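Just so it is clear: in the sequence shown, position 4 is 3 by numbering that gives the first Met the number 0, and no numbers are missing.
Every residue gets a Cβ at the ideal spot worked out from N, C-alpha and C, and that includes glycine.
Everything numeric in this text was worked out from a predicted model, so none of it was measured.
Below is one structure, written out as structure tokens; the observations come after it.
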Amino acid sequence: MRIRPARRSELPLLQDIERAAGEPFRTLGMSAVADDDPPPLVLLESYRRAGRSWVAAESLPSDTERPVGYLIADPVDDAAHIEQVSVLPTAARRGIGRALIDHLAHWAASQELRALTLTTFTDVPWNAPYYGRLGFRTLTDEELTDGLRAIRSLEKEHGLDRWPRVCMRREL
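In structure tokens form, the structure reads like this:
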């Protein structure tokens, strides 16, 4: 498995990864999350051009690679904010999400950012509990930065607050 910048030709594959990664939410009664559209290609391209889009690429027998996971991030306040991290369900439990997040941590440190942040569902086993195991902690309302408050406001407008959500942070 190799973590590297996403290629323009792979952006539709990132949308496929997002759709597939959303399917398990159906088992939790969260079909609206599973049915949510993946990021549009124009948005994925903006992350790629900005150098904030990475894939976990699996080697294929034909000496080519296929993305099985991806991560996009934004600088928010003093942190690299994980906008999205998704892994194909068929590639789950192989440390791919962790590797993508660790790669982002190295990038963030090189950008002189102090932490990683994200927003996530509290009651989804592969969300907040998983990130807790990776060293993230839940932030209190008083600890939220202006940038995180703005992100949470957009999430509320998008209807994501139908299920409990939190902001989390991992210091670098």
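Return yes when the Cβ of residue j is within less than 7 Å of the Cβ of residue i, no when it is not.
{"i": "A33", "j": "L87", "result": "no"}
{"i": "C166", "j": "T118", "result": "yes"}
{"i": "V54", "j": "A5", "result": "yes"}
{"i": "A114", "j": "R168", "result": "yes"}
{"i": "D112", "j": "A78", "result": "Per the sequence shown, the amino acid found at residue 112 is Leu instead of Asp. Yes; because the gap between Cβ atoms is below 7 Å, this pair is in contact."}
{"i": "A56", "j": "R1", "result": "yes"}
{"i": "A104", "j": "L171", "result": "yes"}
Quickly, what does DSSP pair residue i with across the bridge? List them, please.
{"i": "W53", "result": "P4, L70"}
{"i": "I81", "result": "A72"}
{"i": "V86", "result": "G68"}
{"i": "S58", "result": "E64"}
{"i": "R47", "result": "R47 is not bridged to any residue."}
{"i": "T137", "result": "M167"}
Thinking residue i and residue j are a contact (beta carbons under 8 Å), I'd like their distance in whole angstroms, please.
{"i": "E17", "j": "P37", "result": "4 Å"}
{"i": "R164", "j": "E154", "result": "7 Å"}
{"i": "A31", "j": "G131", "result": "With 8 Å as the limit, A31 and G131 do not qualify as a contact, their Cβ atoms being about 24 Å apart."}
Three CB pairs or more closer than 8 Å across the segment 145-154 and the segment 75-90: Touching, yes, given that three or more Cβ pairs across the two stretches are closer than 8 Å.
At a cut of 8 Å, does the segment 1-12 reach the segment 135-146 through at least three beta carbon pairs? No, because fewer than three Cβ pairs between the segment 1-12 and the segment 135-146 fall closer than 8 Å, the two stretches do not touch.
Specify whether the segment 95-103 and the segment 58-73 touch according to this definition: at least 3 beta carbon pairs, one from each stretch, less than 8 Å apart. Pairwise C-beta distances place the segment 95-103 in contact with the segment 58-73, as three or more of them are shorter than 8 Å.
Counting only runs of 4+ residues fully inside the segment 93-122, write out the alpha helix (DSSP H) ranges in chain order. Those alpha helix (DSSP H) runs which fall completely within the segment 93-122 and span 4+ residues are 95-109.
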